[in-house]
Every structure is written in structure tokens, then in C-alpha cells.
Amino acid sequence: PELRIPEEMIDEHGMVRIGGGSGFIVDPNGIIVTNKHVIADPEAEYTVILNTGEKYGSEILARDPINDIAILKIKAKNLPVVPLGDSSALELGETTIAIGNALGIFRNTVSAGIVSGLSRSIAAQPDPQSPAQEMRGLIQTDAAINAGNSGGPLVNIAGEAVGINAAMVYGAQNIGFAIPINTVRRDLEDLKKFGHVRRPLLGLRYLIIDETLKHKMSLPADHGALITNQGPHAPGVAPGSPAAHAGIKEKDIVLAYGSEKINTEHTLQDCLENASVGDVVSLTLLRNGKEVTAKVTLAERK
1 PELRIPEEMI
11 DEHGMVRIGG
21 GSGFIVDPNG
31 IIVTNKHVIA
41 DPEAEYTVIL
51 NTGEKYGSEI
61 LARDPINDIA
71 ILKIKAKNLP
81 VVPLGDSSAL
91 ELGETTIAIG
101 NALGIFRNTV
111 SAGIVSGLSR
121 SIAAQPDPQS
131 PAQEMRGLIQ
141 TDAAINAGNS
151 GGPLVNIAGE
161 AVGINAAMVY
171 GAQNIGFAIP
181 INTVRRDLED
191 LKKFGHVRRP
201 LLGLRYLIID
211 ETLKHKMSLP
221 ADHGALITNQ
231 GPHAPGVAPG
241 SPAAHAGIKE
251 KDIVLAYGSE
261 KINTEHTLQD
271 CLENASVGDV
281 VSLTLLRNGK
291 EVTAKVTLAE
301 RK
């Protein structure tokens with residue numbers, strides 16, 4: 001059969017519009033923050049349409065290797081910006097406002113709600129064909145976040161961005177999630193200092209121990225991270241990684257990261273969120289019934 005593309009999806013250059021999302025300007029010289037999944041296609045060209053209707057080609061400056069964050073730049077100056085707030089100061093019940101282009105059609109859609117939860121964890125899919133990705137440390141809000149809102153700001157009553165709209169729960173009402181703006185701040189600082197976003201690498205695959213896993217596998221601990229492979233091509237300790245250099249082995253249980261206890265509410269990945277490349281961290285391990293300590297120098301995730 002012949003495939004016809006509707007004329008409204010083709011621009012003046014013959015390019016086909018395949019999707020859209022939201023973003024917001026954080027620097028008057030054209031720095032824009034959005035979700036990584038909004039600009040996931042490496043072959044696509046991304047056009048930024050400002051609130052004024054002006055169109056700009058964009059350059060992708062950085063994609064966060066862990067979080068659903070991307071940073072773009074357009075060639076424009078003296079642009080109005082969204083001031084960045086402090087997501088660590090958010091409290092339950094605080095008013096939040098989600099702004100974006102709902103469904104990719106309704107521009108400047110604004111919905112109000114409150115902070116319903118903090119430090120939430122979900123498994124999210126950018127689209128039905130993509131594998132689920134774990135997202136942690138999220139802000140939960142009942143402000144409506146619809147498809148197309150992704151990448152737009154979640155703001156407080158002072159007009160400061162406290163998060164990036166990132167996910168919604170299909171089939172549920174008034175459950176949306178945003179990435180804390182402090183994570184974005186760190187990405188912007190990395191970009192300015194290093195020219196790209198840097199995330200620390202430990203090099204471990206693990207299962208977080210809870211009561212169910214403890215009894216199922218007859219483990220000697222009721223908390224921690226059990227180092228285990230996820231198949232023949234996914235070893236528990238990545239070869240050449242910081243963990244490998246530190247002598248960590250499969251079947252070790254990481255009980256603590258520094259003084260922080262590892263459990264279902266506080267995983268190794270949560271600990272790494274506050275770490276930097278080059279940090280030397282102390283891991284308390286349970287190995288063959290004895291506690292041992294490993295010093296690990298965090299490398300950069302590529």
C-alpha cells in the first residue's frame with residue numbers, strides 16, 4: 001500500500017514531524033533543559049519553537065547517562081529564563097504547577113496541584129516498545145502531567161522550577177512525577193566545568209536484599225546489595241571497573257556505603273547520586289560470614 005504523510009506534518013524544508021515535547025530556558029544565551037527521552041533519536045533534527053512562535057535549530061550539548069535529562073542550545077540571546085529553585089526544600093502539600101505542551105498540541109498548558117510524595121521510585125517506559133527504566137528520587141505531584149508535557153518545568157508558587165516533568169501513570173488520575181531540579185543543577189554545573197555531564201561509576205550489578213530475597217536464597221543478611229550476575233554477558237562485577245580494582249567479588253553483600261546502610265529505601269545508586277567522579281568511598285562487605293572493607297575510587301561512567 002502507498003503511505004501518505006499528512007501535509008501538516010511536513011515543514012517548509014520537507015522534514016517530517018515525528019513527535020514533540022516540552023523544555024524550558026535556563027540561560028538567556030539559549031540553554032534549554034528537557035527530558036532525554038524527548039530527544040532520544042540520534043538521527044533526528046530537533047527544532048525548538050519558543051513561546052513567541054520563533055523557530056530555532058538546536059544543538060544537543062549533553063545527555064545525562066543516568067537520569068532522564070538532556071541539555072540543548074539554540075542560537076539566541078537575551079531570552080527570558082525560568083529561575084531554578086531548591087528541590088531539597090520541597091515539602092509535602094506544597095503547591096506545584098506543571099507547564100508544558102499537553103499532547104504536543106495544546107501549548108502553554110498549565111495545571112496546578114500539590115507535592116504528593118518525595119523520593120519516589122518508578123519503572124518508566126518512554127514508549128511501549130522501549131524497555132522499562134528505573135527512575136529514583138522523583139517528586140510525585142497531582143498536577144496533571146500529560147504526554148507532551150515531558151521536559152516542561154514543575155514550578156513552585158514563587159515561579160521557580162523545582163523539577164522537570166518526566167512521567168505519568170497511565171490509567172491513573174492525578175499521579176505524575178518530576179525529576180528534582182537539583183539534579184539538573186548538577187548537570188548544568190558539570191557541563192560548564194567539564195563540557196559534558198559526568199556520572200560516577202562503581203561497576204556492580206546487584207539485587208537489593210529484603211525479607212523475601214533473604215528467605216528465598218537463605219542469605220546471611222536482611223539488608224544490603226547482593227552482588228550477582230544477570231547472565232553470561234552481564235557479570236556482577238564489571239571487568240576493569242572500580243569495583244573490580246577494589247577486589248569486590250560476586251556473592252559479596254554490600255552492607256554499607258560509608259556510614260549509609262544499604263536497603264530497599266536507600267540503594268547503591270541512591271548513594272552514587274550524591275557522589276562525584278574521583279571520590280574514594282568505603283564499602284562494608286559481608287564475605288563468607290565476615291565483614292570486610294573495600295576502598296573504591298569512583299570512575300566516570302561512559
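In the UniProt record's numbering, the protein residues as written are 1 to 302. C-beta atoms are modelled at their ideal positions from N, C-alpha and C, and glycine is treated no differently.
| Check | Outcome |
| --- | --- |
| V184: first and last residue of the uninterrupted alpha helix (DSSP H) it sits in | I181 to F194 |
| Residue-chain proximity (A221, chain C), Cβ-Cβ < 7 Å | Of the protein chains in the structure, only one exists, and it is not chain C. |
| Integer Cβ distance of S111 from A143, believed to fall under 8 Å | 5 Å |
| Buried or exposed by the 16-neighbour rule on C-beta atoms within 10 Å, applied to V280 | exposed |
| Contact under 7 Å by Cβ, G100 with N165 | yes |
| Nearest-angstrom Cα separation, counted from A225 out to P235 | 15 Å |
| Rounded straight-line distance, which links the Cα of G258 to that of A221 | 18 Å |
| Other residues of its chain near L118: CB distance less than 8 Å, five sequence neighbours each side excluded | L90, L92, I139 and Q140 |
| Spatial distance of Y231 from R205 (CA atoms) | In the sequence as displayed, the identity of residue 231 is Gly instead of Tyr. Using only the alpha carbons, I get a separation of about 11 Å. |
| Cα-Cα separation, K193 to V38 | 25 Å |
| At least 3 beta-carbon pairs within less than 8 Å: the region 68 to 75 vs the region 28 to 48 | yes |
| Whole-angstrom distance between D210 and L286, CA atom to CA atom | 16 Å |
| Under the three-state DSSP convention, the category A225 falls into | strand |
| Reduced DSSP category for H233 - H, G, I as helix; E, B as strand; rest coil | coil |
| Buried/exposed call for S150, threshold 16 Cβ in 10 Å | buried |
| Beta-carbon proximity check, I208 vs T264, cutoff 7 Å | yes |
| Segments assigned alpha helix (DSSP H), at least 4 residues, entirely inside the region 241 to 265 | 242 to 245 |
| Rounded C-alpha distance that separates G148 from A98 | 12 Å |
| Where K216 sits in the DSSP three-state scheme | helix |
| Chain-order list of residues whose beta-carbon lies under 6 Å from that of I145 (same chain, five-residue window excluded) | A98, N165, M168 and G176 |
| Euclidean distance between Cα positions of V162 and G20 | 22 Å |
| Simplified DSSP assignment, three categories, for V38 | helix |
| Simplified DSSP assignment, three categories, for E300 | strand |
| Residues that DSSP places opposite T47 in a beta bridge | G57 |
| Through-space distance from N108 to V155, alpha-carbon basis | 14 Å |
| I5 to A256 span [Cα, whole Å] | Confidence in I5 is poor, its pLDDT being 37 and thus under 50, which makes the residue's placement unreliable; the coordinate value appears in the next sentence. Those two C-alpha atoms are separated by around 56 Å. |
| Span separating the alpha-carbon of P200 from that of V292 | 23 Å |
| Proximity of S22 and G152 at Cβ, strictly below 7 Å | yes |
| Cβ pair S87, N182 closer than 7 Å | yes |
| Residues near S282 in its chain [Cβ-Cβ closer than 7 Å; skip 5 each side] | G258, T293 and K295 |
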